[in-house]
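Worksheet: one structure, shown below.
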Amino acid sequence: MTEANNQNSHQARLRQIHDNMAKAAKLAQRDADATTLIAVSKTRSADEIMPLLNAGQRHFGENRVAEAAEKWPALRAAYPDITLHLIGQLQSNKAADAVALFDIIHALDRPSLAHALGKAMRETARHVPCFIQVNIGNEAQKGGCPIAELPQLLSIAHKENIPILGLMCLPPADVEPAPYFALLAELAAKNELQDLSMGMSDDYEIAIPLGATFIRVGTALFGQRKA
Ligand SMILES: *Cc1c(COP(=O)(O)O)cnc(C)c1O
187 MTEANNQNSH QARLRQIHDN MAKAAKLAQR DADATTLIAV SKTRSADEIM PLLNAGQRHF
247 GENRVAEAAE KWPALRAAYP DITLHLIGQL QSNKAADAVA LFDIIHALDR PSLAHALGKA
307 MRETARHVPC FIQVNIGNEA QKGGCPIAEL PQLLSIAHKE NIPILGLMCL PPADVEPAPY
367 FALLAELAAK NELQDLSMGM SDDYEIAIPL GATFIRVGTA LFGQRKA
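Rendered as structure tokens:
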């Protein structure tokens with residue numbers, strides 16, 4: 187693909203997603219600006235990311251600390267107003283690196299990680315806002331805080347002085363996601379949390395009417411991932 191084609195296709199996809207977001211918001215009588223699009227750039231090179239930056243996209247999501255540390259410092263130097271989101275599982279021994287690199291962390295899911303993040307934030311005086319990831323479908327193989335343990339994890343995060351924006355989830359694959367998005371919204375309301383990180387390429391139009399304030403979209407913006 188030539189550079190010009192690449193630029194056009196990325197811009198067209200971005201426009202299409204913004205159109206779909208506006209339609210989904212309107213149906214639910216929500217403000218179109220109430221939902222922020224995170225472009226999930228995991229596995230994508232800087233060359234693939236540049237056309238989106240040129241088109242004005244500023245929120246990006248990565249799922250691996252090491253990959254983000256390689257790609258983003260140079261891009262950020264060119265575009266200082268980027269907001270970088272960590273959307274993947276985080277090992278406690280990488281908490282300090284994550285606090286140094288990311289602006290918002292969507293993967294707080296257990297007490298040991300809350301302690302590690304709290305310590306890293308105290309030591310650097312960088313208080314990175316976090317989402318608590320909830321295991322919304324109660325799936326054994328998936329990360330995320332069990333629903334029953336959410337109040338306890340919130341209280342630990344509070345004691346650690348971690349700013350909590352809201353709740354994040356990945357609903358079970360291959361079933362209708364709406365009930366899970368609705369449940370996440372209910373849990374957030376019950377705990378007086380404002381933000382909901384939910385909805386990906388296949389289901390963001392379902393997540394927006396149910397209250398998503400951040401959607402995480404990869405494939406619909408960049409095309410299929412190779413690996
Ligand atoms: C990869 C990923 C996404 C984006 O998925 P797409 O289906 O490519 O839009 C969103 N959220 C998380 C946590 C991811 O790991």
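Heads up, the sequence shown is in our numbering, so the first residue is 187 and it goes up one at a time.
Note that the Cβ used here is the ideal one computed from N, Cα and C, for glycine as well.
Query, Result
"Just to confirm before moving on: does the CB-CB distance between alanine 282 and phenylalanine 408 stay below 9 Å?", "no"
"Are the CB atoms of aspartate 388 and threonine 399 within a distance shorter than 9 Å?", "no"
"Can we count asparagine 249 as close to ligand 1, meaning its CB is less than 8 Å from some heavy atom?", "yes"
"Could I get the ranges of all uninterrupted alpha helix (DSSP H) runs contained in the region 231 to 288, with 4 residues as the minimum, in chain order?", "232 to 240, 251 to 264, 281 to 287"
"Apart from the five residues just before and just after proline 297, which ones in its own chain have a Cβ nearer than 6 Å to its Cβ?", "Ile342"
"Check the C-beta distance from tyrosine 366 over to isoleucine 401 and give it rounded, since I have them as a contact under 8 Å.", "That pair is no contact at about 15 Å."
"Can you tell me which of Asn377, Leu396, Gln275, Ala306 puts its alpha carbon nearest to the alpha carbon of glycine 385?", "Leu396"
"May I ask whether a heavy atom of ligand 1 can be found less than 8 Å away from the beta carbon of threonine 405?", "yes"
"Can you give me the Cβ contacts of isoleucine 394 inside the same chain, cut-off strictly under 8 Å, excluding the 5 residues immediately before and after it?", "Met207, Ala210, Ala211, Ala214, Arg216, Thr221, Gly385, Ile401"
"Kindly identify the DSSP beta-bridge partner or partners of leucine 294.", "Ile318"
"Taking 8 Å as the line, does the beta carbon of serine 388 fall inside it for any heavy atom of ligand 1?", "This sequence places aspartate at residue 388; serine is not what is there. Yes, since a heavy atom of ligand 1 falls inside the 8 Å radius drawn around the Cβ of aspartate 388."
"Residue range of the beta strand (DSSP E) that serine 383 falls in?", "381 to 383"
"Using beta-carbon positions only, say whether histidine 292 and serine 383 come within less than 9 Å of one another.", "yes"
"Assess contact between the region 353 to 360 and the region 307 to 326, defined as three or more Cβ pairs (one per stretch) separated by less than 8 Å. Is contact present?", "yes"
"Decide if proline 337 is buried, meaning its Cβ has at least 16 other Cβ atoms within 10 Å, or exposed.", "exposed"
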